[in-house]
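The next block holds one structure in the form of structure tokens; read it before the comments.
Chains as they are written, first to last, in our numbering: chain X, 1 to 326; chain C, 1001 to 1353; chain B, 2001 to 2602; chain G, 3001 to 3344.
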């Protein structure tokens, strides 16, 4: 287990470093100069040069990258805005806030959105998928399958505005989505996120319905499932004990991918509902050419993906005794 | 007693004494390409304590027949006609809950590939204990003890520890032993072994066969032994039924069928089997052609497209008329008994060496 | 004191692009009538220009708000978080508006009517609006007694010197630059050469420029007359910074305040709490009140959210008011049609005037017939539409907006009030006369949601008149940098200019003075007309603001109608709403929003 | 050795001994000796859902191709600003005053809130833009997937290791974030920020960024397939007979990977359609006035539409659902036709 964790973490680290290099290069390919944005009225070349100097943009790219890595690991006190403890991505060009603090500030929104949504879509998706598989061939199955097919063809950028228009703007059943910290206002937290949850979980659940159904049916054809039936175990027992366990593996794989990318910023969802999470932060970082913020979001997002991958692989071992972690 | 063989479709009274009696069984599947007649008018009987060997190529309906006995087919796509009587109880129309009570209890099954047939997610002990708990109502602890006992009986060393291992931690032979332990855990009256040794290497094969024989003696179960390997069956079975394209083509005691086979298909099977004592220079003679499509089976005798002897039958009967299988020692072929005997003695036996 | 800062506006556009609601959108038929009445009001406003107050006007305390009570906490939902607390960095209107509560400058704009429509400039920390004896070249200010920082230490002329000198330091880069340019007597950003490091490396401005003979007296010396100095010093960007407490860049996070409230806590992007400053003496302050005990400000509250809460008027929302947020476009007609709700609203103009610049540096644009054709053809309805219809935008006349002294509501040179979608027939005729049918017209547009919307429609309108319009997108963040380059590709492009104080002197000279043409300067059309230049010089010297305003309006008409270097595209407006227990509600034209200094809890 | 009839499945598999070869199934040989392509076509034709889906998909491609013609017959184009041409139909904020988004005999699908474009022609042209881009991305990714996947699988060794690591790395990318961040960069590769961004540059940029992160899954599948094929006798035989690698790949391997390519291709295209629409929705893809499916969603998500004209959002929404459902069903049918064993 330890060896597995160490090995996978090292692999993830390599990918993160490569990613940060790519993000760095990408930024320098960007047509916009952050100094222009900060320069304000009465901007002169000298002024811009000065801002470049203050931001450290006048140094060579490798040097800047080195400084970035150094600060990330060890923190830095060189920033004009104040000290920056590790993990230090520096201060945002646009808001002058510590990037790490900004990330941590936005994280609860994304976390609430994602985890709340994930709980909903897992229950809904797996539930309907199991029912469809159990009743396969019947009307119930066909209804669920067809429904899931149609819903999974919807996109958040359609279902989201549609739900907003109907549930919020036209009928005023729900509040306009907003994030209220759960510690301050648990009711507001819930009501503010209910529409995004519904939309997110509907779309995702439909995919899980299809997946868990087909995965279950595949498992039901496994020989060991037949053996269990031949032993005289009841259909229900076979279904839930034998088939279900095996069907979890592909589901967990996809769930890991979904969760990772959602935690790294559900960009379209947050954009659609105007929720100030990591995804919105990413869009802002790009539109303001905010290098520290961009790097922060990108690496954070990639870390989430990689972390979820590792957790998924560990979960395999938990589900399937044949898998050994090493 | 040997296999009771009657005219196909003839009613058999429940008190006829046969432990298992299959009557005019038809099994067909609906597929996207059409209806597949997997079993087409099969009848046989089996007594307690006896072993029936079913031989045939792949797709001849051996496995389907036995899965149908246990009701393990998918009712959605499968049509079953005919009767399956187990101690007089009709199984084709039995409710699922009734079948559940039978499965693993009165009738148990051993599958071909113990690796895929055992669940990878649960310990061997648990998988053996499960049916015991279900059928005897034993406690978890008692069932576990029984599982350990069974593992010991099938010759697994250190059964106490090995019971909590997972199947992938077992070797192939041990897995098959575990399968057998699982099948026998409730002392079944009928054991269906579907090619139990095919996936194993030869030395292990022999051990498993010995084990099965020993256990049969101990438990007194009837066994249906499915295989395509005539060598194995000679060792195991009391009676043999040869199947081709969903129907039985020949049956008799092991000695009868192997010593004086009567059906061209059986000859073919024997021909295609190497023997240690045969002349090395004599080539093996495989049956020409491939098994027929069950979607659209050949008319008349199902074997006629591959049969080298159909010119010895008068007229066009092989193509137009389906030969019937007579009761008892019999074969379903239009050749006369005399022809069969002559051909075997003169043309087939020499080649078998 | 406006969000005339171009970068700020660009930034706002980007924010707005992100599904924020400034974009507005109103329900069908939400025009609540009364445009004629508004025109009348505006006409009255024209006469009421802004005067410089004397010592008596500048004395505290501020005239009491009728019915005002003390005590309580007001919660303030704001959409945009404050980015700067350092006065030298403050230019954006929502920052200026809040800063009224905690920063004080030498002068300030005092509302002389309770509706926030009439103002005069008075001394804030100074005893009066400033005195000049030579027509605006030398200005003398004297500090009041008993003026203190929040720590109780007195505010002296040393602080004033520090506040002025640090404006030249490199880290001050988002605030206004009028004073710096006047002191250095240079246009553009060359002023920084005067004191490149600010006061931090021991160098100071010489007495010939800034004189502080004693603790109370400050004298500004300019090379040319700047009668507008009292206005300029009223901007929060020129509010005072404590010399002792000056921490350079870090001052932006933790400034020393002097107003009636001090900053108890500030979390960027989240919240801000203002509590009473015990060292503020109302007797020294003619502008501000200290009715409320505390302001709890929360940021990132979208227009719909604040509107919805205020409409619901729940117990906690009754004492809530947003200084910045408008009523969101979706609720606008609902609010305005319900008298109960309407009584809780205030409305007014924002300082911005949208204008389509015609780039006179391009030879093709130097043909007046072509410009006239553009002026006739250009639809302004797309602009109004893009920002939410007639409740958010007025069809314009000239470039002097209704809140600036000298506005003339009857001025409509291109018949836009009748034909907001343009007059392609007339334009085509002119274009034919000029022999330029099918000429290429490069239209640079800001890549924001609104920009995309109005530019496509405007281009379509121009095409109907016979122009071959080439739209070129410009990233929102660098929009003004691109269009303000002397060499740019764009024949026409829109800009929004807002007066920094309600005098056309912050509108016409920056936009039309030919000698100001430079990279990054705001004479976007690059108009260099001798008559305009000389008129600007002449009017700039007029020390009577009322007389000056009349002259500016004449010049406005000359530029818009006769020169046609720009075509006005719209006057920005907004409607705001407050909780039912908020008293003292007034839309302050100068602050372009609800006046935070006078609100109280009923 | 026997493979018993798969009872649970209901057994499409009457299939008997031997592994299924990619080129022929024994059953096929036995029945009529039809080629796998013919066989697939026969199976596909029998699949009613598949045929209907195919018709719908073809319909979409047809109207996309014929959009200018249809618009001409209909007498309108998606660029006319009806809010200024016909101001009587709109209020000052650009909302159609007639109910249901201004649907009328003149404007079949109504008018777009804002500038008042004709929704019918806009949708046609929008589908055209989106499909064109997605088709190009699909072609590009398939070609790249073939090139890299087959190379990795066939050459093995260091090339395989390298390509596989690149695939791993790219799969760890936060894709959407990367799209957003790289779109302006890619655009700036073609034009200096001062100049107009022609529509084709945006299109090319969209194709490039999606291509860059789109080919890995197909590449991985093809690598696996090729790896397996490489060990097969007929490839071995070709190699022993001295055929050059290129010839082996072209003549022996490529024909045998057509199935996964076709199946994956039909799954990829709708994904690219939705991804492209997502980018335009976020404002980094195709922008006004160029009609685009995603950009219509972007418009549909404005308060203007959500508050006032909910009708509008159904046109892009429903049409996209129909398209995606049809395409996914088509994908399932294609897969089933090739490989009837797979459980559904």
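Don't be surprised by glycine CBs; every beta carbon is placed ideally from N, CA and C.
With DSSP run on the structure shown, which of helix, strand or coil describes residue i?
i                       : result
residue 3084 of chain G : helix
residue 2344 of chain B : coil
residue 23 of chain X   : helix
residue 1077 of chain C : coil
residue 2301 of chain B : coil
residue 84 of chain X   : strand
residue 1029 of chain C : strand
residue 1296 of chain C : coil
residue 52 of chain X   : helix
residue 1188 of chain C : coil
residue 2512 of chain B : helix
residue 1085 of chain C : strand
The beta strand (DSSP E) that contains residue i, what's its start and end?
i                       : result
residue 2471 of chain B : 2468-2474
residue 1244 of chain C : 1239-1244
residue 3267 of chain G : Not the beta strand (DSSP E): residue 3267 of chain G falls in the alpha helix (DSSP H), residues 3258-3282.
residue 2570 of chain B : 2566-2577
residue 2264 of chain B : 2261-2267
residue 1108 of chain C : 1107-1110
residue 2139 of chain B : 2138-2142
Output the distance between the C-alpha atoms of residue i and residue j, rounded to the nearest integer angstrom.
i                       : j                       : result
residue 3030 of chain G : residue 3319 of chain G : Interpretation of residue 3030 of chain G is limited by its pLDDT of 43, a score under 50 that renders its predicted location unreliable; no figure is taken from the coordinates.
residue 2189 of chain B : residue 2250 of chain B : 23 Å
residue 3064 of chain G : residue 3136 of chain G : 14 Å
residue 2374 of chain B : residue 2366 of chain B : 12 Å
residue 3085 of chain G : residue 2494 of chain B : 22 Å
residue 22 of chain X   : residue 1117 of chain C : 49 Å
residue 2509 of chain B : residue 2237 of chain B : 20 Å
Should residue i be labelled buried (16 or more other beta-carbon atoms within 10 Å of its own) or exposed?
i                       : result
residue 2047 of chain B : In this prediction, residue 2047 of chain B has a pLDDT of 44, which is less than 50 and means its spatial position is unreliable; what the coordinates show is noted afterwards. Result: exposed.
residue 1337 of chain C : exposed
residue 2022 of chain B : With a pLDDT of 25 at residue 2022 of chain B, under the threshold of 50, the predicted position of this residue should be treated as unreliable, though the coordinate-derived value follows. With 16 or more Cβ atoms within 10 Å of its Cβ, residue 2022 of chain B is classed as buried.
residue 3168 of chain G : exposed
residue 70 of chain X   : exposed
residue 3245 of chain G : exposed
Could you give the first and the last residue of the continuous alpha helix (DSSP H) run that contains residue i?
i                       : result
residue 1129 of chain C : 1124-1136
residue 1150 of chain C : 1140-1153
residue 70 of chain X   : 61-74
residue 2518 of chain B : First-last for residue 2518 of chain B: undefined, no H or E at that position.
residue 3337 of chain G : 3311-3338
Would you mind giving the Cβ-Cβ distance between residue i and residue j, rounded to the nearest angstrom? I have them listed as a contact below 8 Å.
i                       : j                       : result
residue 160 of chain X  : residue 199 of chain X  : 5 Å
residue 3260 of chain G : residue 3221 of chain G : 5 Å
residue 91 of chain X   : residue 84 of chain X   : 7 Å
Can we count residue i as close to the ligand PLP, meaning its CB is less than 7 Å from some heavy atom?
i                     : result
residue 47 of chain X : The ligand PLP is not part of this structure, which contains no ligands at all.
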